[in-house]
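> Reading the sequence shown from the start, the letters are residues 19 to 184 in this note's numbering. Just so you know, even glycine gets a beta-carbon here, dropped at the ideal spot from N, CA and C.
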Amino acid sequence: MKRSTKTLTGSLAALVLSVGMLSAAPAQALDTPTVTINKQQTVTWGWEDGVSKKFRDFSEDDYDDALQIPALKVSVSIPGPGRRVILEVQDPFDRTWSTEVQTRTDVAGVALVRVNPFCENDYGNSTEWCGHDVTYRLKVLKSGMQRQVVSNAFTVTFVPTEDGMM
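#1: Would you mind sorting R122 into buried or exposed? The rule is 16 or more other CB atoms within 10 Å of its CB.
#2: Once you ignore the five residues that flank R132 on each side, which residues in its own chain have a CB closer than 6 Å to its CB?
#3: The beta strand (DSSP E) with N139 in it runs from where to where?
#4: I need the DSSP call for D79, collapsed to helix, strand or coil.
#5: So, with DSSP's three-state summary, where would you put A8?
#6: According to the neighbour-count rule (16 or more other Cβ atoms, all chains shown, within 10 Å of its Cβ), is Y141 buried or exposed?
#7: Rounded to a whole number of angstroms, what is the C-alpha to C-alpha distance between R165 and E180?
#8: Excluding sequence positions up to five away, which residues of its chain have a Cβ less than 6 Å from the Cβ of V119?
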């Protein structure tokens, strides 16, 4: 009887010790490992004044200054490090895309991008509005685990004043 009491006491002590050690172990060791899932940011865009995105026209008669033209507002949900935002313009002849403007999102995940109504001449940009359609698209570049996002193409028409029409 003494022997079975010792064995029973020893077994009980071993069981208490085992339960104590298991409860001290991190939960991760008992369960599947924790996996951090990197959520993809949602990128949206629109005009800062809320007008439709697909087609837009701006008349020089309506704006005293080109800076009064509503900007494109790019918003990234789940703000984090700034994302690079590029406004690309399509060449009307060979249909290739080139960078018009580059910027970054701010700490709130927002970037404002301005379109340019001015003509180009032999010396660069002039101060006169062109009368033309421009096809643009927005590109938010890849950052870390976040994918690159490219918008559908959209068209902006610039209309100069009648007396300055080119």
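Let me lay it out:
#1: exposed
#2: Residues A89 of the same chain have their beta carbon placed closer than 6 Å to that of R132, with the five preceding and five following residues left out of the count.
#3: 136-139
#4: helix
#5: No information on residue 8 is available, as it lies outside the stretch 19 to 184 that the chain covers here.
#6: Exposed, because fewer than 16 other Cβ atoms sit within 10 Å of the Cβ of Y141.
#7: If I take the Cα positions, the gap works out to 45 Å.
#8: Excluding residues within five positions, the ones whose Cβ falls inside 6 Å are L105, V131.
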